[in-house]
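J.: Protein chains in written order, with our numbering: chain A, 7 to 510; chain B, 337 to 877.
From the three backbone atoms N, C-alpha and C, an ideal C-beta is built for every residue, glycine too.
Bear in mind the structure is a predicted one, so any value in this text is a computation, not a measurement.
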């Protein structure tokens with residue numbers, strides 16, 4: 007890109023005032039994107055979002071492509087009325103910036119073989135009044151002025167990283183001339199740590215006045231770069247010395263051999279993130295539930311009037327944080343005591359309570375499901391329920407207390423997708439050459455125990471084996487084509503009803 | 337009877353009723369038949385010059401006697417062996433005196449800790465100290481008790497910290513000159529940590545060093561706002577002492593809240609440091625911080641191992657340290673200067689160390705509510721389990737956890753007196769403090785390994801892998817043996833030169849302490865606790 011081919015669209019009150027050779031394809035794509043979001047048109051979004059797409063809302067919550075397509079979020083600026091829009095393209099990289107009052111929205115576009123795709127959607131809401139302090143790198147700007155945590159993968163990335171460090175150094179020492187040489191004329195910066203949008207000129211004037219306007223260098227935590235010839239998209243996270251972490255999107259272009267920054271959008275992370283539960287949390291939680299909660303709340307979580315875990319019904323809690331608190335402190339004046347467990351256990355309990363809600367009781371018929379389990383499905387050839395069936399596969403007598411409907415369904419349809427460690431099969435070959443396969447029961451440095459195909463308990467010294475292999479396959483067939491949807495629902499409902507011989 | 341044995345018998349007899357003077361504690365090499373302090377000497381090398389059990393006869397080891405503990409708590413104590421008598425704490429805080437030859441009990445002392453005691457990770461005790469005729473024990477309700485070694489009855493008992501606020505003592509005290517030194521545990525309850533020295537005769541406090549500096553104390557500026565008040569920095573493992581420098585070294589634990597560091601911006605000194613103190617005054621001489629602004633619970637509560645040797649061609653007084661954060665360090669123990677550091681296990685929280693040994697944090701490695709995957713997991717690349725240094729092989733032996741991770745969820749942290757104050761949940765496929773009888777691990781769990789490192793180069797000379805991780809300490813001997821155990825309940829004799837397994841015994845319960853060796857009547861014994869019992873081995877006669 008010898009000569010920068012960038013164009014500008016300036017829209018005021020929805021009317022384009024000036025158009026300078028903008029890329030029509032990008033503009034069309036952007037209009038389609040806005041429309042698709044407004045109509046929650048998932049198919050259109052599917053087409054318009056790049057594989058690397060991220061959505062950063064005004065509170066700094068970041069979402070990748072999949073959840074955005076599944077549940078299209080609302081845009082901070084929904085109508086073009088009173089919005090000012092500017093658009094720039096630099097070869098295969100471009101952006102559209104919209105401003106409306108304190109709200110600013112950035113959309114970054116990349117040109118792929120299949121057309122223009124959105125790669126970043128980002129919201130910034132400016133402060134109402136000037137900040138009381140400016141989060142930055144602190145007194146010494148080690149990171150990002152001297153070093154940053156980034157390993158460039160190519161020469162361009164190395165150059166841009168160096169230019170970035172140099173630019174932040176200039177900002178840190180308020181060197182307006184040095185700064186001016188490294189930002190493009192169309193430079194625009196919006197940050198949730200300031201009450202004003204900054205341009206190249208306003209920024210330089212501020213440096214000359216030796217005042218900082220909310221754009222101090224902030225230590226960089228991590229960065230990703232996307233290189234498109236002479237244009238580079240830089241997405242990073244920063245942790246200032248004070249205040250919240252920031253998501254920052256920057257664009258760099260090469261002009262006359264120098265890398266120049268054309269925009270910087272900075273969104274502070276003010277939203278509390280949401281706890282994300284692992285399947286092991288649910289499992290641990292089910293054990294903890296049995297020993298701490300079962301006696302009063304019961305196997306179905308509805309033992310206390312007004313509280314029903316399966317229906318997500320609580321008296322004094324709605325958020326996960328509320329639940330965590332109630333578990334720790336109990337409810338004074340009621341029979342609910344404080345539960346003296348650590349944070350990991352509390353988290354596991356909440357994970358289990360939430361999974362109870364998700365799993366509900368199934369939408370099928372448990373009796374029909376049982377018939378399928380024992381008949382058509384042939385499940386008892388490997389599985390055991392309350393003393394009946396084979397011992398080779400996992401015993402399912404209590405499966406309804408630890409698994410959700412969704413989990414069971416996936417397991418039946420595609421059992422090979424994930425195999426729990428305790429359900430792994432092992433193949434051992436003795437010195438004499440006998441091969442024995444079975445479910446691994448236990449193992450240590452010198453021995454291994456298994457239940458073999460004849461349901462015998464076997465133990466081997468590893469030193470006596472020619473080889474032993476932990477298998478990554480499962481003998482369970484996939485039932486994807488064997489059951490109708492109704493049959494699957496019946497089977498899952500039956501499994502969910504299994505809560506162990508003790509609870510019958 | 338040969339003249340050599342005669343002399344031996346004579347020396348044992350001469351010591352039989354002798355007091356354990358400070359001079360004897362300073363020179364454990366003069367009496368390898370005993371194990372007089374937690375780490376076997378002020379340099380904490382856990383190295384014995386006994387050499388009757390050798391690589392070529394280790395296969396003849398056989399069990400001599402077993403002492404069954406009355407407690408079902410985890411057995412983490414290193415026994416003391418003093419002139420034929422074993423002094424041992426039964427967790428949490430009972431004490432027994434045993435005949436080291438037969439396991440027969442001389443006396444028991446039962447201490448009942450206050451019901452206010454709260455401990456994050458087990459009602460445990462790691463051992464005793466002795467000076468003169470007096471044993472010293474820290475208790476889980478944060479008392480320090482002096483017990484007459486012959487009568488088995490207390491001389492004095494003082495309160496060190498408030499158990500209602502989570503203060504406790506779990507490690508073996510250290511005697512330096514006429515003082516008994518202890519640190520407190522409880523960072524998971526938001527304590528403000530300290531190390532304190534007490535007059536061995538009276539229990540009167542001689543000095544106290546706050547591991548979390550308050551207003552006016554240097555280092556206070558590394559804590560935002562009032563976060564220092566509950567800044568943790570516990571010190572729950574025994575320190576070391578160098579008489580030539582008159583310096584006391586101690587490892588300091590994690591800052592509080594463990595995993596939610598929002599309100600404690602800054603380096604959070606002296607959490608995760610090794611500190612060098614003047615043992616007479618408690619004044620700080622230097623510090624080195626392994627993990628500034630820790631967000632992982634990477635306590636630096638490892639035993640400082642002191643090594644005199646050559647560093648890049650010139651003699652140097654060094655300290656070698658395998659840290660919970662996954663890095664191995666060599667420091668100059670005169671000044672605290674960083675000499676060398678490199679990972680000894682998989683770690684992802686730092687991209688490396690800078691020239692001063694300060695870690696360079698990896699991008700995206702902070703805990704988040706959604707969960708962040710971090711190596712090593714919460715128990716670290718190693719933990720408090722004693723490593724060993726053999727001056728014969730010149731190797732440093734580390735009980736390590738390899739390829740071990742956690743998914744760390746950040747949670748709200750609110751301080752409530754006496755309640756847990758951790759701000760997060762580390763989830764790991766690997767059980768942390770205990771294991772059940774079943775192991776169905778995959779590569780995801782990681783594994784245990786004894787690794788032998790050359791401190792001069794950081795080079796890993798050999799490793800002995802175990803399926804499960806290990807919480808066992810290590811003992812080395814002058815016959816080039818490594819004795820150690822693991823969580824699976826095996827007890828091993830390895831060749832210290834190459835890691836070859838020479839002998840092992842299945843003891844049926846996890847080894848979670850450091851084995852010791854001693855000699856009676858010319859016969860070398862090795863003692864190790866597994867499960868809830870102490871086992872002793874000697875060569876078949």
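Determine the DSSP secondary structure at residue 418/A, reduced to helix, strand or coil.
T.: In this structure, residue 418/A counts as helix in the three-state DSSP scheme.
J.: What are the residues that DSSP puts in a beta bridge with residue 601/B?
T.: Answer is none; residue 601/B lacks a bridge partner.
J.: Do you know whose CA, among 480/A, 230/A and 248/A, lies nearest residue 240/A's CA?
T.: Closest by alpha carbon: 230/A.
J.: Quick one: give me the first and last residue of the alpha helix (DSSP H) that residue 41/A is part of.
T.: Run containing residue 41/A: 30 to 44, per the alpha helix (DSSP H) assignment.
J.: Going along the chain, which residues of the stretch 742 to 767 of chain B sit with their C-beta nearer than 8 Å to a C-beta in chain A?
T.: Cβ contacts with chain A come from 743, 745, 746, 747, 748, 755, 756, 758, 759, 760, 761, 762, 763 and 765.
J.: Give me the residue from 400/A, 276/A, 469/A and 335/A with the minimum Cα distance to residue 438/A.
T.: Among 400/A, 276/A, 469/A and 335/A, the Cα nearest to that of residue 438/A is on 469/A.
J.: With a floor of 4 residues, list each alpha helix (DSSP H) that falls wholly inside the stretch 310 to 345 of chain A, ordered by position along the chain.
T.: Within the stretch 310 to 345 of chain A, the complete alpha helix (DSSP H) runs of at least 4 residues are 326 to 335.
J.: Helix, strand or coil for residue 289/A? Go by DSSP, reduced to three states.
T.: The answer is helix: DSSP assigns residue 289/A an H, G or I state.
J.: To the nearest angstrom, report how far apart residue 12/A and residue 76/A are at their CA atoms.
T.: Low confidence applies to residue 12/A: its pLDDT is 45, below 50, so where it sits in the model is not reliable enough to give any reading.
J.: Return the residue from the list 754/B, 742/B, 770/B and 777/B that minimises the CA-CA distance to residue 760/B.
T.: For residue 760/B, the nearest C-alpha among the options comes from 742/B.
J.: So, helix, strand or coil for residue 220/A, using DSSP?
T.: Unreliable positioning characterises residue 220/A in this predicted model, as indicated by a pLDDT of 47, which lies under 50. A coordinate reading is not provided.
J.: Could you pull out every residue in the same chain whose Cβ sits closer than 7 Å to the Cβ of residue 631/B, ignoring the five residues on either side in sequence?
T.: Here the set comprises 595, 597, 702 and 703.
J.: On the premise that residue 766/B lies in contact with residue 805/B, defined as a C-beta separation below 8 Å, what is that separation, rounded to the nearest angstrom?
T.: At roughly 6 Å, the Cβ-Cβ gap stays under 8 Å, so residue 805/B and residue 766/B are in contact.
J.: Can you check whether the CB of residue 214/A is closer than 8 Å to the CB of residue 136/A?
T.: Taking 8 Å as the Cβ cut-off, residue 136/A and residue 214/A do not qualify as a contacting pair.
J.: Give me the Cα-Cα distance between residue 325/A and residue 317/A, rounded to the nearest whole angstrom.
T.: Straight-line Cα distance between these residues: approximately 14 Å.
J.: Per the DSSP calculation, residue 441/A is bridged to which residue(s)?
T.: BP columns for residue 441/A point to 435/A.
J.: Looking at the unbroken beta strand (DSSP E) that takes in residue 679/B, where does it start and where does it end?
T.: Residue 679/B -> beta strand (DSSP E) spans 674 to 679.
J.: Quick one: residues in its chain with C-beta nearer than 6 Å to the C-beta of residue 824/B, no 5 flanking neighbours on either side, listed in chain order?
T.: Closer than 6 Å at Cβ, skipping near neighbours: 804.
J.: Note down, in chain order, each residue of its chain lying with its Cβ closer than 7 Å to the Cβ of residue 798/B, except the 5 sequence neighbours on either side.
T.: Cβ neighbours of residue 798/B beyond the five flanking positions: 788, 834 and 835.
J.: Whole angstroms is fine: what's the gap from residue 709/B's alpha carbon to residue 744/B's?
T.: About 6 Å.
J.: Is the CB-CB distance between residue 575/B and residue 510/B below 8 Å?
T.: Contact: yes.
J.: Just to confirm, is the Cβ distance from residue 801/B to residue 779/B under 8 Å?
T.: No. Outside cutoff.
J.: Tell me whether the beta-carbon of residue 268/A lies closer than 8 Å to the beta-carbon of residue 190/A.
T.: Yes, the pair counts as a contact, with Cβ atoms nearer than the cut-off.
J.: Which two residues bound the contiguous beta strand (DSSP E) that contains residue 492/B?
T.: Run containing residue 492/B: 490 to 495, per the beta strand (DSSP E) assignment.
J.: To be precise: take each residue of the stretch 150 to 182 of chain A, compare its Cβ to all Cβ atoms of chain B, and keep it if any distance is under 7 Å. Which residues remain?
T.: Within the stretch 150 to 182 of chain A, the residues whose Cβ lies closer than 7 Å to some Cβ of chain B are 155, listed in chain order.
J.: At the level of alpha carbons, what is the spacing between residue 276/A and residue 529/B?
T.: Approximately 32 Å between the Cα atoms of the pair.
J.: Figure out for me which residue from 809/B, 646/B, 559/B and 569/B has the closest Cα to the Cα of residue 658/B.
T.: Answer by Cα proximity: 809/B.
J.: Got a sec, what are the start and stop residues for the beta strand (DSSP E) residue 647/B sits in?
T.: Start and end: 641 to 647.
J.: Residue 757/B to residue 66/A, Cα distance in whole Å?
T.: So the alpha carbons of these two residues sit roughly 27 Å apart.
J.: Between residue 137/A and chain B, is any beta-carbon pair separated by less than 8 Å?
T.: By this cut-off, residue 137/A is not an interface position.
J.: Can you tell me the Cα-Cα spacing of residue 372/B and residue 421/B, whole angstroms?
T.: So the two alpha carbons sit approximately 11 Å from each other.
J.: Going by beta carbon distance, what residues of the same chain come within less than 8 Å of residue 458/A, once the five residues before and after it are set aside?
T.: Within the same chain, residue 458/A has close Cβ partners 442, 443, 444 and 464.
J.: Less than 8 Å separating the beta-carbons of residue 582/B and residue 615/B?
T.: It is a contact, given that the beta carbons lie within the stated cut-off.
J.: Is there at least one Cβ from chain A nearer than 8 Å to residue 697/B's Cβ?
T.: So yes, residue 697/B belongs to the interface.
J.: Looking at residue 577/B: is its Cβ nearer than 8 Å to the Cβ of residue 612/B?
T.: Their beta carbons are not under 8 Å apart, which means residue 577/B does not touch residue 612/B by this criterion.
J.: Nearest-angstrom Cα distance between residue 353/A and residue 652/B?
T.: Near 49 Å, if we compare the C-alpha coordinates of residue 652/B and residue 353/A.
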